[in-house]
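Novice: Numbering (the working numbering), first residue to last: 51 to 385. All C-beta atoms in this analysis are idealised placements derived from N, C-alpha and C, irrespective of residue type, glycine included. Since this is a predicted model, take the numbers as computed values, not measurements.
1) What are the boundary residues of the alpha helix (DSSP H) that includes residue 379?
2) By how many angstroms is the C-alpha of residue 95 removed from the C-alpha of residue 372?
3) Since residue 78 is in the beta strand (DSSP E), which residue starts that stretch and which ends it?
4) What number of angstroms, rounded off, separates the C-alpha of residue 380 from the C-alpha of residue 348?
5) Can you give me the Cβ contacts of residue 294 inside the same chain, cut-off strictly under 7 Å, excluding the 5 residues immediately before and after it?
6) Could you have a look at residue 174 and say whether DSSP puts it in helix, strand or coil?
7) Look up residue 250 in the DSSP assignment and give the residues it is bridged to.
8) From the DSSP output, read off the bridge partner residues of residue 153.
9) How is the alpha helix (DSSP H) around residue 267 delimited, first residue to last?
10) Using 8 Å as the threshold, is the stretch 129-143 in touch with the stretch 275-283, meaning 3 or more CB pairs across them?
11) Please identify the residue among 140, 90, 82, 272 whose C-alpha is closest to the C-alpha of residue 366.
12) Could you check what DSSP says for residue 168 in three-state terms: helix, strand or coil?
13) Cutting at 7 Å between CB atoms, please list the residues of its own chain near residue 374, excluding the five before and the five after it.
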């Protein structure tokens, strides 16, 4: 995962090197957040505006990440799990919006995306905030936990702004749907601070507004079948790149790869699709969809994408890489 994130960061930086030499208004900052490295790039000549934008974006994203983390003590996600089977919990508006988005994509994909997979709590990939070693979940435990998984069981009341998990043992994992809204909230803070253009890269998910003078942002798309290489580069302005893959959080054992994208129906890591990259104008069109395609497979993914004509896609399977017509048109060779 770290190799992938670092290379993407290098590519974005390389696309701006000439601009940075000509205009000292280009500045980057990088911090650990949401279990990955998040990098903010600002294009703004006014140093005071840049500083204000950085601080506002980091503060906002940090607060939202704390709300929605499954590892942070006292987070909304942890509170919901602790109260499972009990009374509804009042939740912040931002978390409620993510939960509503999770319900929408679950309905759209027939449950291929399901935020209730947090009940499969025995998987560990050697990189979580609680310091667990990599561990394959026990098959009998997964069978027991399966009865606790089901997106329709998550009770949401938008008017009262409450959420409830009806059965003890239920838990949420918002990792597949919270990151893009959190990055988008950070991006909104940079715009509110008055900067001319900004990009935020969170471990392969990228949001941006505006563009550097005379050029677009250039974002590398990793080849999921060979993560050490780039499949190509897309030009982006006022848009989003979302990626999911079995090369992000994983360990190899017993002759196979065990990764963090779980099939809600079984609790086991998905097979068949190695990675998905989606490019769109807004996050609502792609949020959660990459993980769903990992679960549903290429053919179901193609059917879902046919209903979202504004989304360009790359899907890598065991033996091929499929590009939508839009992705074929916009993906250019790296280098």
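Specialist: This is what the structure gives:
1) Per DSSP, residue 379 belongs to the alpha helix (DSSP H) from 375-380.
2) 41 Å
3) 76-83
4) 21 Å
5) 311, 325, 326, 340, 341, 344
6) Here residue 174 sits in strand by DSSP.
7) 90, 257
8) Its beta-bridge partners do not exist; DSSP assigns none.
9) Residue 267 -> not in any alpha helix (DSSP H); beta strand (DSSP E) instead, spanning 267-272.
10) no
11) Of all alpha-carbon atoms in 140, 90, 82, 272, the one lying nearest the alpha-carbon of residue 366 is that of 272.
12) helix
13) 355, 362, 363
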